[in-house]
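Have a look at the structure below before the remarks.
Residue numbers (the working numbering), protein chains in the order written: chain R, 1 to 340; chain H, 1 to 340.
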């Protein structure tokens with residue numbers, strides 16, 4: 001990606017790529033806002049045709065198109081742009097895997113502002129955006145999250161539901177902690193017709209999960225538990241408790257205490273299924289999971305990208321035995337399965 | 001850099017890397033603001049030692065350190081961070097090649113704001129930040145530029161001065177158009193003791209060039225020409241006219257007209273030396289030069305990363321003959337030499 005000369009000698013190339021990296025974010029955001037990828041899929045490949053279809057300028061679309069080509073999102077043939085297979089699948093609005101909506105969360109104010117004030121967060125050791133960052137009660141961010149992240153969570157949710165059907169086919173009661181969009185519990189309810197799902201989250205977020213349960217046709221087996229996961233009472237006989245993208249927001253003592261509550265709410269033989277960004281023990285690989293720690297620093301008071309040994313210790317501390325970690329295909333997260 | 005599974009199949013990895021790319025910019029900016037690289041160079045390798053030296057939190061510096069390691073700026077040995085050779089050379093304050101100051105320009109308001117409003121720029125076909133973007137008369141941006149970009153321009157300035165000394169040793173009068181920091185003219189004055197340099201720029205910017213000429217000890221051969229390059233009168237007998245990072249800001253008709261003025265101000269046999277971001281004719285390679293077009297879209301009304309054939313045509317249109325392009329080692333720019 002660099003054109004700096006003297007590849008054997010020192011080079012400021014990485015410095016410049018990194019300082020200018022914010023431009024990549026802006027370019028992709030603009031392309032999605034202008035629906036450039038769908039336009040190309042429809043055959044509007046030239047800057048002129050794109051300008052007309054996307055209500056932009058020919059000059060602007062040529063420059064954006066070239067930049068996106070360099071960035072790997074398009075191919076260029078003469079003066080015409082064409083989609084890569086990944087752009088066609090993930091970035092055209094008619095694709096079922098369209099990722100456009102996740103921008104609403106991934107470039108939302110708390111995230112962008114958190115990184116704007118990253119130096120302050122490094123100094124303090126936690127977010128400096130509000131007292132609790134995105135963890136403030138009923139933060140509207142989580143409604144955005146619930147509405148926008150479904151396309152991304154579909155794959156891991158299917159993987160987890162398949163695992164439950166295969167390994168714990170007798171599952172009847174599922175608790176979906178901080179359910180958000182509700183997708184994880186809903187997938188299980190769809191795969192196991194006898195299973196009932198309780199979705200716990202803030203009341204404002206649960207409206208989204210409820211809509212999704214209606215769409216999925218599982219309303220009769222869908223229950224709501226509104227409130228904070230730390231405050232509301234859990235029933236005592238769950239077969240499966242789902243902790244998806246939840247524990248990373250909190251410090252270790254908070255996780256320890258919460259996992260004791262989870263332990264007390266599971267049937268003997270029941271499972272906790274944890275979906276998380278879990279880097280290797282070196283904390284610097286794999287890249288996408290290791291880098292997640294900085295999002296926690298910028299946007300939460302004390303969250304982290306915990307490594308497996310840390311999660312394992314938290315679960316044991318709460319009374320569980322062995323935990324097992326598995327990669328989730330086509331995802332940048334991992335699953336920990338912990339049996340009571 | 002990706003950990004997404006099924007490398008043969010479709011992957012949203014590039015999408016996520018790109019949407020999150022703004023975090024890379026923020027992390028490097030914070031590391032420079034906190035002087036993390038100098039601290040490591042001094043032997044403060046652990047998060048604890050870094051926290052003390054950089055007046056931050058241990059947690060924050062561990063997370064930032066891991067992120068920078070993933071990003072290629074550090075190595076990690078156990079819990080200690082070490083510098084890469086490039087980080088040591090370009091990112092420690094005691095290094096003569098320290099690049100920290102260029103952040104003031106590269107992350108200045110007009111640039112960051114321009115990219116925040118990139119969608120508007122694609123629609124309009126030019127910047128939507130103010131009427132003229134960074135080209136407004138006496139825009140303070142150019143003082144920032146002049147003060148911050150010297151470390152970056154030192155290499156190309158030396159290359160150009162060496163070329164002039166070898167190929168045009170009889171050079172006596174040099175005009176440095178939009179001189180900024182003045183480094184390009186000053187280097188020639190230092191390498192050719194008989195050469196006099198006239199630095200043209202806005203009066204507020206020329207104060208920076210004047211300071212640099214004093215530091216270089218060439219004040220007696222340093223003249224100032226305050227005002228817009230388009231409006232002020234040029235003398236008629238220059239041996240060399242320097243057009244460094246200037247033409248890319250303007251549209252072709254403006255460049256055409258300006259180059260006629262340049263042609264009229266050169267002695268027969270004199271040279272125009274143009275330093276620019278010049279992608280190949282495909283406009284999508286090399287990456288760093290091709291991507292420059294988007295900066296012009298976001299921050300200027302009509303600038304561009306022109307390809308060589310466009311520059312060649314502009315020069316011929318102004319009365320020049322053949323132009324020759326050369327790569328500048330260890331730079332992401334190229335030089336065009338045009339003889340009158």
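A virtual CB, placed ideally from N, CA and C, is assigned to each residue, including glycine.
Residues from the region 63 to 86 of chain H in contact with chain R, defined by Cβ distance under 8 Å: 63, 64, 66, 67, 69, 70, 71, 72, 73, 76, 85 and 86
Residue 273 of chain H beta carbon less than 9 Å from that of residue 197 of chain H: Residue mapping note: residue 197 of chain H aligns to position 197 of the second chain, counting from 1. Residue mapping note: residue 273 of chain H aligns to position 273 of the second chain, counting from 1. No, the Cβ-Cβ distance between residue 197 of chain H and residue 273 of chain H is not below 9 Å.
DSSP-derived helix/strand/coil call for residue 300 of chain H: Counting from 1 along the second chain, the entry for residue 300 of chain H is found at position 300. Residue 300 of chain H falls in the coil class under three-state DSSP.
Burial state of residue 102 of chain H (16 or more Cβ within 10 Å): For the purposes of this step, residue 102 of chain H is taken as the residue at position 102 of the second chain. So residue 102 of chain H counts as buried.
Proximal chain H residues relative to residue 90 of chain R, where beta-carbon distance stays under 8 Å: Position 90 of the first chain, counting from 1, holds the residue named residue 90 of chain R. Under the 8 Å cutoff, chain H gives 10, 12 and 15.
Partner residues on chain H for residue 317 of chain R, Cβ-Cβ distance less than 9 Å: For the purposes of this step, residue 317 of chain R is taken as the residue at position 317 of the first chain. Ordered by position in chain H, no residue passes the 9 Å Cβ test against residue 317 of chain R, which lies about 20 Å from the chain.
Where residue 17 of chain R falls: helix, strand or coil (DSSP): Position 17 of the first chain, counting from 1, holds the residue named residue 17 of chain R. Correct three-state label for residue 17 of chain R: helix.
Closest residue to residue 277 of chain R among R:256, R:253 and R:247 (Cα-Cα distance): Counting from one through the first chain, the residue named residue 277 of chain R turns up at place 277. The shortest Cα separation from residue 277 of chain R among R:256, R:253 and R:247 belongs to R:247.
Inter-residue spacing [alpha-carbon to alpha-carbon] between residue 14 of chain R and residue 140 of chain R: As a working note, residue 14 of chain R is residue 14 in the first chain. As a working note, residue 140 of chain R is residue 140 in the first chain. The alpha-carbon atoms of residue 14 of chain R and residue 140 of chain R are separated by roughly 37 Å.
CB contact flag (residue 180 of chain H, residue 208 of chain H, <9 Å): Residue 180 of chain H sits at position 180 when you count from the first residue of the second chain. Residue 208 of chain H sits at position 208 when you count from the first residue of the second chain. Taking 9 Å as the Cβ cut-off, residue 180 of chain H and residue 208 of chain H qualify as a contacting pair.
Euclidean distance between Cα positions of residue 82 of chain H and residue 310 of chain R: For this step, residue 82 of chain H is matched to residue 82 along the second chain. For this step, residue 310 of chain R is matched to residue 310 along the first chain. CA-to-CA, the gap between residue 82 of chain H and residue 310 of chain R works out to about 25 Å.
Residue interval of the beta strand (DSSP E) (run including residue 325 of chain R): Along the first chain, one-based indexing puts residue 325 of chain R at 325. Counting along the chain, the beta strand (DSSP E) containing residue 325 of chain R begins and ends at 323 to 327.
Beta-carbon proximity list for residue 152 of chain H, same chain, < 8 Å, skipping 5 on both sides: Here the question's residue 152 of chain H lines up with position 152 in the second chain. The answer, listed in chain order, is 99 and 102.
Residue 117 of chain R CB to nearest heavy atom of the ligand HEM below 8 Å: No copy of the ligand HEM occurs in the structure displayed, which carries no ligand at all.
Closer than 8 Å at the beta carbon, the chain C residues around residue 123 of chain H: The question asks about chain C, but that chain is absent: this structure's protein chains are R and H.
Test item: CB-CB of residue 300 of chain R and residue 84 of chain R under 9 Å: Here the question's residue 300 of chain R lines up with position 300 in the first chain. Here the question's residue 84 of chain R lines up with position 84 in the first chain. No, the Cβ-Cβ distance between residue 300 of chain R and residue 84 of chain R is not below 9 Å.
Cutoff 9 Å: residue 293 of chain R Cβ touching any chain H Cβ: For this step, residue 293 of chain R is matched to residue 293 along the first chain. With 9 Å as the cut-off, residue 293 of chain R counts as an interface residue toward chain H.
Closer than 7 Å at the beta carbon, the chain R residues around residue 401 of chain H: Missing from the structure shown is residue 401 of chain H; chain H here goes from 1 to 340 and no further.
As assigned by DSSP and simplified to three states, the class of residue 172 of chain H: Taking the first residue of the second chain as 1, we reach residue 172 of chain H at position 172. DSSP places residue 172 of chain H in coil when its eight states are reduced to three.
Near-chain R residues of the region 279 to 305 of chain H - C-beta to any C-beta below 9 Å: 279, 282, 283, 284, 285, 286, 287, 288, 289, 290, 291, 293, 294, 295, 296, 297, 298, 302, 304 and 305
Any chain R beta carbon closer than 9 Å to residue 102 of chain H: Position 102 of the second chain holds residue 102 of chain H. It does: the Cβ of residue 102 of chain H has a partner Cβ on chain R nearer than 9 Å.
C-beta neighbour in chain R for residue 150 of chain H, strict 9 Å: In the second chain, counting from the first residue as 1, residue 150 of chain H sits at position 150. Residue 150 of chain H does not count as touching chain R.
Backbone secondary structure at residue 212 of chain R - three-state DSSP: Residue numbering aside, residue 212 of chain R sits at position 212 when the first chain is read from its first letter. The answer is helix: DSSP assigns residue 212 of chain R an H, G or I state.
Below-9 Å beta-carbon distance, residue 6 of chain R vs any chain H residue: Start at 1 with the first residue of the first chain, and residue 6 of chain R comes out as number 6. Low confidence applies here, because residue 6 of chain R scores a pLDDT of 43, under 50, leaving its location unreliable and the question unanswered by this model.
Exposure of residue 212 of chain H, with buried meaning 16 or more beta-carbon neighbours within 10 Å: As a first step, residue 212 of chain H is located in the second chain; it is residue number 212 there, counting from the start. Residue 212 of chain H is buried by the Cβ-count criterion.
Residue-level contact to chain H via CB, residue 207 of chain R, 9 Å cutoff: Along the first chain, one-based indexing puts residue 207 of chain R at 207. No - not a single Cβ of chain H is within 9 Å of the one on residue 207 of chain R.
Residue 108 of chain R versus residue 143 of chain H: straight-line alpha-carbon distance, rounded: The residue labelled residue 108 of chain R in the question sits at position 108 within the first chain. The residue labelled residue 143 of chain H in the question sits at position 143 within the second chain. Looking at the two C-alpha atoms, the distance is approximately 33 Å.
Chain H contact residues for residue 115 of chain R, given Cβ-Cβ distances below 7 Å: Here residue 115 of chain R corresponds to residue number 115 of the first chain, with the count starting at 1. Those are 22, 23 and 26, listed as they occur along chain H.
CB contact below 9 Å: residue 330 of chain R versus chain H: Position 330 of the first chain, counted from the start, is the residue given in the question as residue 330 of chain R. Chain H contact via Cβ: present.
Beta carbon of residue 298 of chain H nearer than 9 Å to that of residue 118 of chain H: On the second chain, position 298 is the one that residue 298 of chain H refers to. On the second chain, position 118 is the one that residue 118 of chain H refers to. In this structure, residue 298 of chain H sits near residue 118 of chain H, with a CB-CB distance shorter than 9 Å.
Contacting residues, own chain, Cβ-Cβ under 7 Å from residue 157 of chain R (five flanking each side not counted): Numbered from 1 along the first chain, position 157 holds the residue referred to as residue 157 of chain R. Excluding sequence neighbours, residue 157 of chain R sits near 183, 184 and 187.
Euclidean distance between Cα positions of residue 66 of chain H and residue 323 of chain R: Your numbering for residue 66 of chain H matches position 66 in the second chain. Your numbering for residue 323 of chain R matches position 323 in the first chain. Distance between the alpha carbons of residue 66 of chain H and residue 323 of chain R: 25 Å.
is_contact[residue 41 of chain R, chain H] using C-beta, thresh 9 Å: Start at 1 with the first residue of the first chain, and residue 41 of chain R comes out as number 41. Not one chain H Cβ lies under 9 Å of residue 41 of chain R.
Cβ neighbour criterion (16 or more within 10 Å) applied to residue 239 of chain H: As a first step, residue 239 of chain H is located in the second chain; it is residue number 239 there, counting from the start. Buried: at least 16 other Cβ atoms inside 10 Å.
Cβ neighbours of residue 57 of chain R in the same chain (closer than 7 Å, five flanking residues each side left out): Looking up residue 57 of chain R in the first chain gives position 57. Within the same chain, Cβ atoms closer than 7 Å to the Cβ of residue 57 of chain R are found at 51, the five residues on either side in sequence being excluded.
Contact between the region 254 to 273 of chain R and the region 229 to 239 of chain R (3+ Cβ pairs under 8 Å): yes
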